[in-house]
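Novice:
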Amino acid sequence: MNAIPMSVTVNGEAHALTVPPHETLIECLRDRLGLLGVKKSCDVQVCGACTVLVDDRPVSACTVLAFEARGKHVRTIEGLAHGDDLHPVQEAFVEHGALQCGFCTPGMIMATVALLAENPSPTADEVKHYMRGNICRCTGYKRIVEAILAASERLATGPRTTDGG
Amino acid sequence: MAVDRLTVVGRSVPRLDAHDKVTGAARYVSDFILPGMAHAKLWRSPVPHARLLAVDGARAAAAPGVLAVCTADDLPVKRLAYGPAYKDQPILAREVVRYAGEPVVAVVADTPARADAALALIDVRYEELPAATNAEEAQAPGAPVIHTTLDRAGHFRDLDGLRPVAGTNVCQHYRYERGDLARAVAEADLVVDDVYRYPALSHHALEPHCAVARVDADGITVWSGTQHPFPVRKDLAEIFDVPLAHVQVVVPLIGGAFGGKCYTKIEPLAAALAARVRRPVRLALTLEESARTITRHSVVVRLRTAVRRDGTLLARECDVVLDTGAYADIGPRVATKAGSRAPGPYRIPCLRIDARCVYTNNVPAGAYRGYGVPQVTWASESQIDVIAERLGIDPFTLRERNLLKRGEEYVAGDTPLDGDMADGLGQAARAIGWGAPLTRNRGRGLACAMKDGGGTHAVSTAVVHINADGSVILLSGSVEVGQGARTALAQIAAETLGVPFEAVVVPAPDTSLTPYDHGTSASRSTTVMGLAVAAAAKDAREQLLALAAKLLDAPPSALTIREGKIAHGNRTLTLAEVISGHFGLVGGEVTGVGTFVPGEWSGSLGGATVFWETGMGAAEVEVDRETGEVHVRKYVSAADVGQAINPRECAAQDEGAAMQGIGPALFEARVGERGQLLNPGLIDYRVPTFADLPEALDSLLIENADGPGPFGAKGVGESGTFCAAPAIGNAVARAVGVRLTELPMTPERVWHALVSKGASP
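Residue numbers (our numbering), protein chains in the order written: chain A, 1 to 165; chain B, 1001 to 1761.
This is the structure we're talking about:
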């Protein structure tokens, strides 16, 4: 198997990599780039713990091959805050107690960022529908829905952050 | 009220771990990387019961990157078997495999992929044996006896009294009897007799089991996501025959546990492999492998209840059978607790309880949030509604009439009930709109249950260091599984010391640095460890006041500490000024120690049970008669927390627990066939998703500051799981007139029940 040269931008930083064709995006992000906020759980694209954004669209990094991200922009949980300033979605998760063990949280937050980019003012039902591919075993989801709705309001009414998505 | 004077306790301060968890900086065991770390993968038995004939690992050993291929005989251990109740579980199977999925051979390689690839090169020859793949088969005459001898673990005092039945698969038979059953039945106006079934469940904490081990001249170090670091240390010390001081167990953040990471699991194997290859070894299971490591007991409960026409409960006969799988794990204690809790929180003069923990050729079953209560409550609370219906009494009234009152004993000599369950159930009933009109196909149901909380004979110690700058380090062995233990304990320490919450840091538990703690289970951390933390903080506070008294030339009793400042009249000193004033400017610190010893600290309650964890649930459902689908429109859970240390996190625990009750009520279940688990992963095993969130999910916290814990706290976190299934089942029965006795209440089962009931309006 020939390794594939590729360039990819991860959290705003350009990388020139050479990856084996079977390397998954989660392996590339965790093992090669040290982005350990990308969590591996079900490994079969059901739980959403490994959700990252590829050109702003949410994907399960466990079942995407690294070379598929060639020439694209990948964004992980590590790329969301600006220095000490949390992204409004991160702030809302903290304030609403939308996390417990925290293992689903990075994927949950990245899926939320994608949702709010597509639909800035979702209803609770739209939130539940969009987010059904992200599993949380601890919270019972209620506070996550509340946090997402609060983040949506904050993004709509607050000062526009530098969040380019 | 005293509560008004609290400045840190009783407030929903942000979790200590929240920032790291939303930024991806939080580190779990599965994120650990050690220099030179190798990776282990396991060859697991494909059959439920077999005699191992030969293992040929030569081809695997020659594969690229492979460092070792190990069977049980290759492990450098002094004893192979471990377990919290019986030492019945081998680190790797030797001679016999007892369940499909049992680890038989371990491969260690330089990368996970190479270890995985080598598994396919292993050749194992075995001869299949007859298997008992459910508790009924395992108790039938002529069933294969899965363990012919049992070696008691001797680790826990309450397990000394286990009563296995020789020559059978019953590894614990709990019995309790009081009153004259025959007479009560003869005097009763109604006797109901039903069998209820609760399936095995997978914990499916999102972080699968993972352990990283290193063995060197200093001893054995294991990083593991375990709920029981100190009992794991003891097992490792026995397995390797070294002193406790030579074993170090470190527990970073844990990605969910729910009981599935209680007691020793994969730590001995990781350590043995590290010793074998003389490199650090990481053993990270997949989610499917975690489901083949531990499960929740499937339980069959036969209940016979005798009752007077006015609804007075006279007698209850409970026959509880638990399938504990191939190794006992903590199953014998789960059986004891399930049995002792099966009658429900009622005043019942006459009881006969038999609970049997039965070995089968299934995946071992162990602890799971609620420890047997959800299973027996499904039976006991469903049947209370059956009785109510037969007698024409409102289900709330029937419960209220029989519920134990505050101060009444559940069992003679034990701690009396320390809360008011009828009041809690009333709050839940009002919140669900009990008695208000309903539209067609809707119904409401209630349930309530309790368990002895805080653990059995469980010791906890905490240490508080006040540094020379006034910052505080709290050392506690309570692990952070997501429940917010670190945050709650920091709040207790800050409140007791009189320092700001932000001043307290709580490092990860490390058995070589952190004082002893029994474990993080049984809703015990806030109450039991909380008492140890409060005692340690009080110890440190008194030392500080004594030092300050000298500097301020005033008696310690005349001083106050608030917001990190010690005041006498209008003179104040910061904690830093007190410590540096005492030690000079070179540093130094003040250290406080506190210990909870069972029995000694039972407060006003005086008995063996630390506190009663009570749960009250109310559901409103809508049933689709065409499809049989049950929609939970509203669910209310009430939890008596005594005093919420952090109200937001208490309610969040309770909501999450309620959803873990709703899952098995409607769809969660492990499906097995002839000893094979058919749905090990999340593709086939359905857990609750956003789509299953009821339109309203509410948690009511009951706070009367009447718990034995710090500031009147009681434990919380399990009770929310108790009531959902029976409350929903009772609501379905009241909505459409069909009662299911087996979980989950899938559309198919409900539809069949509706059809067999016949065309109804």
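Heads up, the beta-carbon is just placed ideally off N, CA and C, and yes, glycines get one too. Keep in mind the model is a prediction, meaning the values are calculated, not measured.
#1: Check this for me: beta carbons of L1552 of chain B and H1582 of chain B, under 7 Å apart or not?
#2: For chain A, check one thing: does any of its Cβ atoms lie closer than 7 Å to the Cβ of E1668 of chain B?
#3: Just list the residues that DSSP pairs A1082 of chain B with in beta bridges.
#4: Since I believe L116 of chain A is in contact with S152 of chain A (beta carbons under 8 Å), could you give me their beta-carbon distance rounded to a whole number of angstroms?
#5: Determine, using beta-carbon pairs with one atom in the region 1343 to 1356 of chain B and one in the region 1174 to 1181 of chain B, whether at least three such pairs fall under 8 Å.
#6: Is it the case that the region 1373 to 1380 of chain B contacts the region 1261 to 1268 of chain B, given that we only count it when at least three CB pairs across the two stretches are under 8 Å?
#7: Taking the Cβ atom as the reference point for each residue, do I1645 of chain B and V1013 of chain B lie within a distance shorter than 7 Å?
#8: If we ignore side chains and look at the alpha-carbon of each, how far apart do R1051 of chain B and E1128 of chain B end up?
#9: Between G48 of chain A and chain B, is the shortest Cβ-Cβ distance under 7 Å, so that the two count as touching?
#10: Between the beta-carbon of D1151 of chain B and the beta-carbon of K1087 of chain B, is there less than 7 Å?
#11: Counting only the same chain and skipping the five closest in sequence on each side, list residues whose C-beta sits under 8 Å from that of A1237 of chain B.
#12: Output, in sequence order along the chain, the residues in the region 1008 to 1020 of chain B whose CB is closer than 8 Å to any CB in chain A.
#13: Less than 7 Å between the C-beta atoms of P1556 of chain B and L1545 of chain B, yes or no?
#14: Between A:Y141, A:G97, A:P20, which has its C-alpha nearest E68 of chain A's C-alpha?
#15: Do the region 1660 to 1674 of chain B and the region 141 to 157 of chain A make contact, defined as three or more Cβ pairs closer than 8 Å?
#16: Where V94 of chain A and P106 of chain A are concerned, what is the direct C-alpha to C-alpha distance, given to the nearest angstrom?
#17: Among residues of its own chain, excluding the 5 on either side of D1452 of chain B, which ones have a beta-carbon nearer than 7 Å to its beta-carbon?
#18: Can you pull the chain B residues whose beta carbon is under 8 Å from the beta carbon of A117 of chain A, in chain order?
#19: At 4 residues or longer, what runs of the alpha helix (DSSP H) sit wholly inside the region 1286 to 1353 of chain B?
#20: Rounding to the nearest angstrom, what Cα-Cα distance links Y1082 of chain B and V44 of chain A in this structure?
#21: Measure the Cβ-Cβ separation of I1561 of chain B and P1710 of chain B and say whether it is below 7 Å.
#22: Quick check on K1757 of chain B: buried or exposed, where buried means 16 or more other Cβ atoms within 10 Å of its Cβ?
#23: Cβ of M1659 of chain B less than 7 Å from any chain A Cβ?
#24: Which complete beta strand (DSSP E) runs does the region 1179 to 1210 of chain B hold, if anything under 3 residues is left out?
#25: May I have the straight-line CA-CA distance separating G1424 of chain B from M1616 of chain B, to the nearest angstrom?
#26: At a Cβ threshold of 7 Å, is F93 of chain A touching chain B?
#27: Do P1103 of chain B and L1053 of chain B count as a contact pair if the criterion is CB distance below 7 Å?
#28: State whether the region 1226 to 1236 of chain B contacts the region 1516 to 1530 of chain B, with contact taken as three or more CB pairs (one from each stretch) at a distance under 8 Å.
#29: For S1045 of chain B, count neighbouring Cβ atoms within 10 angstroms of its own Cβ and tell me buried if that reaches 16, exposed if not.
#30: What did DSSP end up calling G1606 of chain B once you bin it into helix, strand or coil?
#31: Of the choices A:P5, A:V54, A:E23, whose alpha-carbon is the least far from that of K72 of chain A?
#32: Between which two residues does the alpha helix (DSSP H) carrying M1659 of chain B extend?
#33: Based on Cα-Cα distance, which residue from B:R1292, B:P1035, B:L1391, B:H1147 lies nearest to R1214 of chain B?
#34: Cβ of T1023 of chain B less than 7 Å from any chain A Cβ?
#35: Of all Cβ atoms in chain B, is any one closer than 7 Å to the Cβ of S41 of chain A?
#36: Could you round the C-beta distance between Y1196 of chain B and V1301 of chain B to whole angstroms and report it? I think they count as a contact, below 8 Å.
Specialist: A quick look at the data gives this:
#1: no
#2: No, its Cβ sits nowhere closer than 7 Å to a Cβ of chain A.
#3: Checking the sequence shown, residue 1082 of chain B turns out to be Tyr, not Ala. Answer is B:Q1089, bridged to Y1082 of chain B.
#4: 6 Å
#5: yes
#6: Between the region 1261 to 1268 of chain B and the region 1373 to 1380 of chain B there are fewer than three C-beta pairs closer than 8 Å, too few to call the two in contact.
#7: No, they are not a contact pair.
#8: If I take the Cα positions, the gap works out to 6 Å.
#9: No, G48 of chain A lies away from the interface with chain B (no Cβ there is under 7 Å from its Cβ).
#10: yes
#11: P1243, L1244, H1246, V1247
#12: Within the region 1008 to 1020 of chain B, the residues whose Cβ lies closer than 8 Å to any Cβ of chain A are, in chain order, S1012, P1014, R1015, D1017, A1018, H1019, D1020.
#13: yes
#14: Among A:Y141, A:G97, A:P20, the Cα nearest to that of E68 of chain A is on A:P20.
#15: no
#16: 12 Å
#17: T1609, W1612
#18: Result: empty, since nearest Cβ-Cβ is about 18 Å, beyond 8 Å.
#19: 1287 to 1291, 1331 to 1341
#20: 33 Å
#21: no
#22: exposed
#23: yes
#24: 1190 to 1198
#25: 6 Å
#26: So, interface residue.
#27: Going by C-beta atoms, L1053 of chain B is not nearer than 7 Å to P1103 of chain B.
#28: yes
#29: S1045 of chain B comes out buried.
#30: Annotation note: pLDDT 47 at G1606 of chain B (below 50); position unreliable, coordinate value reported separately. Note: G1606 of chain B maps to coil in three-state DSSP.
#31: A:V54
#32: Per DSSP, M1659 of chain B belongs to the alpha helix (DSSP H) from 1647 to 1666.
#33: B:P1035
#34: yes
#35: yes
#36: 5 Å
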